[in-house]
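Numbering (mature numbering (1 follows the signal peptide of the UniProt record, and there is no 0)), first residue to last: -24 to -1, 1 to 248. Accompanying notes for the structure given below.
Put into structure tokens, the structure is as follows:
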């Protein structure tokens, strides 16, 4: 690059020299222009063009150098910024490490306090004394000559007859309220409203049931046969609202816990 600039400057100097020579010759032959006059003008013009090109190339070179300097400065600023961030992160990490150490110390102190409290509670509670096994009382033999005397209260209680749990004669149910039977809690001995079914116990766990002859209860059952009759009865004819219910055969029940389970449905028919 420097050699090229030197050559251009050299050519420029030659052009200037030639132009000066031509001007000198022009002074001698000012009366009429000659070949040297035109040659001097051309060389002067070329020298001017060379100067302009040299100036332009110098300017471009300086711009390139300035841009490189700016980029280097920008890179150095970026490196400085990154180094600053790294330093701030390192400071934050050191602060976190210090906080973690402080928390670990607090946890250790809390554990020591809990252990000391547990020890104090253990020493404050007195140990429960061991329960000694009781010895069975020694039964003294009864002398045959002295018969044991019974207290009058015990003799009176022994003379009373034990109560007998007799099942009720009749139980009443409005409908089969549980799947496959009647719940024990829904049965009553004395109805205070129309009851559709009458249950007659035949043993501790057996009973029979049928539809009652009460006209009001039958009208209630016929108002919705599906809800009142279908779960407990088989139909021999089609139910109608204004008809009466005739019982063909009673149904059978068996007590299972808190439910009277329907073993066999009652057979009924309808007539007007």
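Each residue gets a CB set at the ideal place from its N, CA and C atoms; glycine is no exception.
{"Asked": "Endpoints, the alpha helix (DSSP H) within which residue 191 is located", "Found": "191 to 199"}
{"Asked": "Separation of residue 154 from residue 160, as counted between CA atoms", "Found": "10 Å"}
{"Asked": "Range of the contiguous beta strand (DSSP E) that encloses residue 332", "Found": "Nothing can be reported for residue 332: it is not among the residues displayed for the chain, which extend from -24 to 248."}
{"Asked": "Whole-angstrom C-beta distance between residue 245 and residue 213, which should lie under 8 Å", "Found": "5 Å"}
{"Asked": "Spatial distance of residue 84 from residue 77 (CA atoms)", "Found": "11 Å"}
{"Asked": "Residue interval of the beta strand (DSSP E) (run including residue 154)", "Found": "No beta strand (DSSP E) contains residue 154, which DSSP labels as neither H nor E."}
{"Asked": "Cβ-based burial, residue 148 [other Cβ within 10 Å; buried from 16]", "Found": "buried"}
{"Asked": "Counterpart residues of residue 227 in DSSP-defined beta bridges", "Found": "185"}
{"Asked": "The region 223 to 238 contacting the region 191 to 201, beta-carbon criterion three pairs below 8 Å", "Found": "no"}
{"Asked": "Span of the beta strand (DSSP E) around residue 245", "Found": "242 to 247"}
{"Asked": "Contacts around residue 37, its chain only, beta-carbon distance under 7 Å, and the 5 residues preceding and following it disregarded", "Found": "none"}
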